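Engineer: Going by our numbering, the first residue of the sequence shown is number 393, and it counts up by one from there.
Got a structure for you, written out below as structure tokens; questions coming shortly.
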Amino acid sequence: MSVILMTSHDENIYNITKTQDLKKMMAPAYKSKFRDKHRQIKQYKECVKLHATMGVPEEEPPDPSNYLKKHTGKPSYTSCQPIKEPKSCLPRLKDPLPDFKNLEAPPEHPTKNFVAENIKAAKNMKVKEPDPRTVIDNRGKSIEMHKAGLEPVYIKAMTFGRTPKYLERFMAIREAEYQKKKDSTGVQQPLCRYITRDQREKLLSGLKQNWEELQKIYQGLPILTDTIPKKFRKSKLEAELKQLEKDIVFIERHPYIYVYKDSEFNV
393 MSVILMTSHD
403 ENIYNITKTQ
413 DLKKMMAPAY
423 KSKFRDKHRQ
433 IKQYKECVKL
443 HATMGVPEEE
453 PPDPSNYLKK
463 HTGKPSYTSC
473 QPIKEPKSCL
483 PRLKDPLPDF
493 KNLEAPPEHP
503 TKNFVAENIK
513 AAKNMKVKEP
523 DPRTVIDNRG
533 KSIEMHKAGL
543 EPVYIKAMTF
553 GRTPKYLERF
563 MAIREAEYQK
573 KKDSTGVQQP
583 LCRYITRDQR
593 EKLLSGLKQN
603 WEELQKIYQG
613 LPILTDTIPK
623 KFRKSKLEAE
633 LKQLEKDIVF
643 IERHPYIYVY
653 KDSEFNV
């Protein structure tokens, strides 16, 4: 069994958890390094007497007659100043003015009536036309035509409606080539070519065969054309059949047929 010996009976346990306040350390006050020197100079001036070494300088005593008199402290405005010569004595710098009697009368300028001229200009002035405008909504809001894009702009260009330069150059080159080819061949060959009887019969039989094939397709179409593609296909077949019939009748009616190439005429 251990025994605890208590030597101090006045101990307070309530202050155990409290922390001691840390004192804020202040920076030392500023102290100039010239402080002592300035103090020494001040003490020296207080101890030393004036003129103690060499004594008072020797000077003549003031003249008793040279006392302050009346108006001696102000500058004198009546002192002698250099005499200014008048302008008449100065040398002449400009030519003399002409004599008034010899002057010529100035020419008379025609007077202009500005009021009458302004009235005449206002009468002949063209009245300013208002800018064309257009309404853009149901509330009556209007804007200018050129801002809405409804006014033609490019027609005012210098090159509008004219053949471009590069096309004129291309046509000139093509015309020169055609003329060169024409001169080299000598006698110009006829442009049209006659179709022989065998070619005519072959062409006619081909047209009839095409007509029969289209007629067969046309007859195979449904009777009810209730959709747009069906109507479009039917109208297209009818137009092709009519064109083939016209070509067949034209070839049968004309036994002599001449043909030519489109490239020979597009010069």
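We put the beta carbon where it would ideally sit given N, CA and C, even for glycine.
Keep in mind it's a predicted model, so treat the numbers as computed, not measured.
Who are the near neighbours of lysine 533 in its chain, counting only those whose CB is closer than 8 Å to its CB and skipping five residues on each side?
Structural biologist: Closer than 8 Å at the Cβ level, and outside the excluded window around lysine 533, lie Val527.
Engineer: So what does serine 534 bridge to, in DSSP terms?
Structural biologist: Serine 534 is bridged to Val527.
Engineer: Mind checking whether threonine 626 and leucine 613 have CB atoms under 7 Å apart?
Structural biologist: In the sequence on display, residue 626 carries lysine and not threonine. Closer than 7 Å, so yes.
Engineer: For leucine 636, does the count of other Cβ atoms within 10 angstroms reach 16, so buried, or fall short, so exposed?
Structural biologist: So leucine 636 counts as buried.
Engineer: Out of Pro449, Pro499, Lys634, state which residue places its alpha-carbon closest to the alpha-carbon of asparagine 602.
Structural biologist: That would be Lys634, whose Cα lies nearest to the Cα of asparagine 602.
Engineer: Under 7 Å between the Cβ atoms of tyrosine 546 and tyrosine 586?
Structural biologist: Contact flag unset, no.
Engineer: Closest to glutamate 543 by CA distance: which of Glu509, Lys600, Thr445, Pro524 is it?
Structural biologist: It is Pro524.
Engineer: Straight-line CA distance for threonine 619 to lysine 628?
Structural biologist: One C-alpha to the other measures close to 14 Å.
Engineer: Flag this pair as yes or no: are the beta carbons of leucine 599 and aspartate 639 separated by less than 7 Å?
Structural biologist: Yes, Cβ-Cβ distance for leucine 599 and aspartate 639 is below 7 Å.
Engineer: Ends of the alpha helix (DSSP H) at alanine 564?
Structural biologist: From DSSP, the alpha helix (DSSP H) with alanine 564 extends over 557-577.
Engineer: Which one or two residues does DSSP pair with arginine 585 in a beta bridge?
Structural biologist: DSSP lists Val651 as partners of arginine 585.
Engineer: Determine the closest residue to glutamine 591 out of Glu644, Met417, Glu560, with distance taken between C-alpha atoms.
Structural biologist: Taking only the C-alpha atoms, the option nearest glutamine 591 is Glu644.
Engineer: Looking only at C-alpha atoms, which of Phe642, Gln611, Gly541 sits nearest to leucine 596?
Structural biologist: With distances taken between Cα atoms, leucine 596 lies closest to Phe642.
Engineer: Quick one: what's got a C-beta closer than 6 Å to glutamate 536's C-beta in the same chain, skipping five residues either side?
Structural biologist: If we look at glutamate 536 and ignore the five residues flanking it on each side, its Cβ neighbours are Asp523, Arg525.
Engineer: Mapping the DSSP letters down to three states, classify tyrosine 422 as helix, strand or coil.
Structural biologist: Coil.
Engineer: Glutamate 637 lies in the alpha helix (DSSP H); which residues open and close that run?
Structural biologist: That run of the alpha helix (DSSP H) goes 620-645.
Engineer: So the alpha helix (DSSP H) tyrosine 436 belongs to, where does it begin and stop?
Structural biologist: Run containing tyrosine 436: 427-439, per the alpha helix (DSSP H) assignment.
Engineer: Rounded to the nearest angstrom, what separates lysine 669 and alanine 514 at their Cα positions?
Structural biologist: Residue 669 falls outside the range modelled here, since the chain spans only 393 to 659, and no answer is possible.
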